[in-house]
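Participant: Dropping a structure here in structure tokens format, bear with me for questions.
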Amino acid sequence: MRLSAVFVGLAAVLSSVLAQSSTADSYIATESPIAKAGLIANIGPSGAKASGAKAGVVIASPSTTSPDYLYTWVRDSSLVFKAIIDQYTAGADTTTRSLIDAFVTAEGTLQQVTNPSGSVSSGGLGEPKFNIDESAFTGAWGRPQRDGPALRSTAIINYANWLIANGNSSWVTKNLWPIIKLDLDYVSSNWNQTTFDLWEEVSSSSFFTTAVQHRSLREGAALATAIGQTSVVSGYTTQANNLLCFLQSYWNPTSGYITANTGGGRSGKDANTVLTSIHTFDPAAGCDATTFQPCSDKALSNLKVYVDSFRSIYTINSGIASNAAVATGRYPEDSYYNGNPWYLATFAVAEQLYDALITWNQIGSLNVTATSLPFFQQFSSSVTAGTYPSTSTTFTTLTAAIKTFADGFLAINAKYTPSNGGLSEQYSKADGTPTSAVDLTWSYAAALTAFEARAGFTAPSWGAAGLTVPSTCSSGGSGSSGSTVAVTFNVAATTVYGENIYITGSVDALQNWSPSNALLLSSANYPTWSITVNLPASTAIQYKYIRINNGAVTWESDPNMQITTPASGTYTENDTWR
Ligand code: NOJ
Ligand code: NOJ
């Protein structure tokens, strides 16, 4: 069958499963084949827009100026190929096998390319981007970015699992496992090291990176077991447990959202967290909050806080009801290209909601907790905490409203998709005109996975079901060891408009006395400012709060504050600004 026939077929399948026609339905029908073709066009060597790219190399975008994106990013490529592999292994598109094999070969080659982050054995796997001829990119950049090896191994593991299920274990062991193992060994020994976030700006720890690292080690340990590579299993599992522990620390209980980065001095509201939810969705894990599943109370609360943070900052969102879909971007403080909505961020919101609907329908009930209540109250002001079986009116009402809400995010992207269906990276917050890189491969992949989730498609599960957080966390990784405890700092401090309270101190996790990397506290309970940080257990730690107003830093008076952390559990410190 010709490729184009497959696209038309897929679009027909997607639209026929939907009962009534809507903007979302017609957008999916026209945009699906365009997105699929747009994605294929950006893969070398034969992609129409990828000339010069080696076989299996994914260009981020054909744009060569403002911005120059004619490079291959490990993150973008891996997310794109995960989508292609999921479609291939589900039998939804059988035309892409040779592209998948070329991708695996290309990534195996890139792993061996010595680059500014190091060689294959000295940190080079953390290099975020390469030239499209598979040579190293040597310019200045935010490096390393440690999500790449995790995302790449996840994509290849999913292909490996399908090959094993289809009687090809020996090929997996010989050709895929060596590539997967390099990435997983890197994740296992470096996860606790500082990383640039997925937006290549903040150097700290990052929720998306931690979460995808956790996932990769879980499914890596399972794959290793399946093919008899048992020597790595306990090491990967130990570090996966440590990652799961650390993952919990990003949750901000007072404000009901996930703080995207431990550094960066921002609110921490970020598409990072929504992308995590969809890229670590496990259809067998129910609404588990430990892994922040799409329908978990924490992920839903977070989604509302994230979406709401864009309501008043983009002109194109003005006049939209406070419980209806809006355009969303990377994070509200973003200034890249003036800080605009991103197609892939707005698609991710829709996809998280579709994933949640899939799970509620599958488990036959929907649970509203105190944490998720504000999310659900958007759709029914009278709803209360409780479990609503799928036979109840509340279930029917809420799920119908959430489907409409989700479709609204597709409709927003549809409204700002140009008539040729091309998806750039961003669209103007002022008037919706597409801007920044044209034909962003990741935008096309994000469209396709959101459309598929709406149609009920799920990728294989990865082992998130039934995981429990170990009672003490070890910071694992090379270069540091020992347990950590979650320490909450509350400080009463009155501030003037534009002024914020930060903390910095004597350990890595408190940014080693750096005012520019100091951690922003949340003012959700103003005048009490709060933050929860994982700190080394049984350790005397010195710190100070600082206030920053328009770049001007004011330190608390001397002496330094000091706490000694307990051996395990949690610790709360209540202070008053001095
Ligand atoms: C290029 C990066 O790709 C982008 O994520 C970032 O926002 C800008 N540089 C500005 O730092
Ligand atoms: C900038 C984005 O912030 C980053 O996540 C992405 O990898 C590159 N552009 C390439 O698309």
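Going by mature numbering (1 follows the signal peptide of the UniProt record, and there is no 0), the letters in the sequence shown line up with residues -19 to -1, 1 to 559, in that order.
Think of the CB as a built atom: it goes at the ideal place given N, C-alpha and C, for glycine as much as any other residue.
Between C454 and N223, which are expected to be in contact by the criterion C-beta below 8 angstroms, what is the C-beta distance as a whole number of angstroms?
Facilitator: At roughly 6 angstroms, the Cβ-Cβ gap stays under 8 angstroms, so C454 and N223 are in contact.
Participant: Using DSSP with H/G/I as helix, E/B as strand and the rest coil, what is E115?
Facilitator: It is coil, neither helix nor strand.
Participant: Would you kindly report the start and end of the unbroken beta strand (DSSP E) that includes K525?
Facilitator: Element bounds for K525: A521 to N530.
Participant: Tell me the rounded alpha-carbon separation between I40 and S103.
Facilitator: Taking the straight line joining both Cα atoms gives about 26 angstroms.
Participant: Does the distance from the CB of T46 to the CB of F111 come in under 8 angstroms?
Facilitator: No, Cβ-Cβ distance for T46 and F111 is not below 8 angstroms.
Participant: If distances are taken between C-alpha atoms only, which option among L144, S417 and Q93 comes closest to G51?
Facilitator: The amino acid occupying residue 51 in the given sequence is Leu; Gly does not appear at that position. Of the candidates L144, S417 and Q93, the one whose C-alpha sits nearest the C-alpha of L51 is S417.
Participant: Please classify G486: is it buried, with 16 or more other beta-carbons within 10 angstroms of its beta-carbon, or exposed?
Facilitator: The residue is buried, with at least 16 neighbouring Cβ atoms inside 10 Å.
Participant: In three-state terms, what does DSSP make of K35?
Facilitator: Of the three classes helix, strand and coil, the one that applies to K35 here is coil, per DSSP.
Participant: Return the residue from the list D315, P130 and N506 that minimises the CA-CA distance to V85.
Facilitator: The shortest C-alpha separation from V85 is found at P130.
Participant: With a cut-off of 8 angstroms, do at least 3 Cβ pairs link the region 469 to 476 to the region 504 to 516?
Facilitator: Judged by Cβ distances under 8 angstroms, the region 469 to 476 makes contact with the region 504 to 516, as three or more pairs qualify.
Participant: Please determine whether the Cβ atom of E181 lies at a distance below 7 angstroms from any heavy atom of ligand 1.
Facilitator: Under cutoff, so the answer is yes.
Participant: Note down, in chain order, each residue of its chain lying with its Cβ closer than 6 angstroms to the Cβ of Q492, except the 5 sequence neighbours on either side.
Facilitator: For Q492, where only same-chain residues beyond five positions count, the Cβ hits under 6 angstroms are T485, N498 and A499.
Participant: So, using beta-carbon positions, are F189 and L204 closer together than 8 angstroms?
Facilitator: No; because the gap between Cβ atoms is not below 8 angstroms, this pair is not in contact.
Participant: Where does G245 fall in DSSP's three states?
Facilitator: Here G245 sits in coil by DSSP.
Participant: Roughly how many whole angstroms lie between the Cα atoms of L448 and H195?
Facilitator: The alpha-carbon atoms of L448 and H195 are separated by roughly 11 angstroms.
Participant: Given this structure, state the Cα-to-Cα distance separating Q338 from K384, to the nearest angstrom.
Facilitator: A quick correction: the sequence has Leu, not Gln, at residue 338. Rounded to whole angstroms, L338 to K384 spans 8 angstroms at the Cα level.
Participant: Let me confirm a value: N319 is counted as buried when at least 16 other C-beta atoms fall within 10 Å, else exposed. Which label applies?
Facilitator: So N319 counts as exposed.
Participant: Assuming L80 is part of the alpha helix (DSSP H), what are its boundary residues?
Facilitator: Segment R78 to Q92, the alpha helix (DSSP H) holding L80.
Participant: For ligand 1, is there a heavy atom less than 7 angstroms away from the beta-carbon of Y317?
Facilitator: Checking the Cβ of Y317 against ligand 1 gives yes.
Participant: Rounded C-beta distance between A202 and T218? I'm assuming under 8 angstroms.
Facilitator: Confirmed, Cβ separation roughly 5 angstroms.
Participant: Using the C-alpha atoms, what's the distance from A141 back to S151?
Facilitator: Approximately 10 angstroms, taken between the alpha carbons.
Participant: What three-state label does DSSP hand Y312 in the structure shown?
Facilitator: If DSSP states are grouped into helix, strand and coil, Y312 belongs with coil.
Participant: As an exercise, report each continuous alpha helix (DSSP H) stretch of at least 4 residues that is fully enclosed by the region 299 to 377, in chain order.
Facilitator: Counting whole runs of 4 or more residues, the region 299 to 377 contains the alpha helix (DSSP H) stretches 324 to 344 and 354 to 358.
Participant: Below 7 angstroms CB to CB, which residues in the same chain sit around V153 once its five sequence neighbours on both sides are set aside?
Facilitator: So the list reads A141, L144, I145 and I208, once near-sequence residues are dropped.
Participant: Say yes only if the C-beta of Y324 is nearer than 7 angstroms to one or more non-hydrogen atoms of ligand 2, and no if none qualify.
Facilitator: Because no heavy atom of ligand 2 lies under 7 angstroms away, the Cβ of Y324 does not count as near it: no.
Participant: So, helix, strand or coil for W180, using DSSP?
Facilitator: Looking at W180 - three-state DSSP - the assignment turns out to be coil, as it is neither helix nor strand.
Participant: Any chance the CB of D166 is under 7 angstroms from a heavy atom of ligand 2?
Facilitator: Checking the Cβ of D166 against ligand 2 gives no.
Participant: Can you name, in chain order, every residue of its own chain whose Cβ lies under 8 angstroms from the Cβ of P355, other than the five neighbours on each side?
Facilitator: Result list for P355: G237, S282 and K285, in chain order.
Participant: Pull up the CB-CB distance for S98 and E108, whole angstroms please, since I reckon it's below 8 angstroms.
Facilitator: With 8 angstroms as the limit, S98 and E108 qualify as a contact, their Cβ atoms being about 4 angstroms apart.
Participant: What do you reckon, is the C-beta of L421 under 7 angstroms from a heavy atom of ligand 2?
Facilitator: Yes, ligand 2 has a heavy atom inside 7 angstroms of this Cβ.
Participant: In the DSSP assignment, find the unbroken beta strand (DSSP E) run with residue 574 in it and report its ends.
Facilitator: Residue 574 lies beyond the stretch modelled for the chain, which goes from -19 to 559, so this question has no answer here.
Participant: Within 8 angstroms of any Cβ in chain D, is that where the Cβ of T271 sits?
Facilitator: Looking for chain D here will not work: only one protein chain is present.
Participant: Alpha carbon to alpha carbon, what distance is there between A64 and A117?
Facilitator: Rounded to the nearest angstrom, the two C-alpha atoms are 26 angstroms apart.
Participant: Throw me the rounded Cβ distance for the S361 and T378 pair, which I believe falls under 8 angstroms.
Facilitator: Yes, they are in contact, since the Cβ atoms of S361 and T378 sit about 6 angstroms apart, within 8 angstroms.
Participant: Smallest Cα separation from S3: which of I344, S549 and L391?
Facilitator: Nearest of I344, S549 and L391 to S3, Cα basis: L391.
Participant: Report the residue from V419, K410, G413 and S277 whose alpha carbon sits nearest the alpha carbon of L404.
Facilitator: It is V419 whose Cα lies nearest to the Cα of L404.
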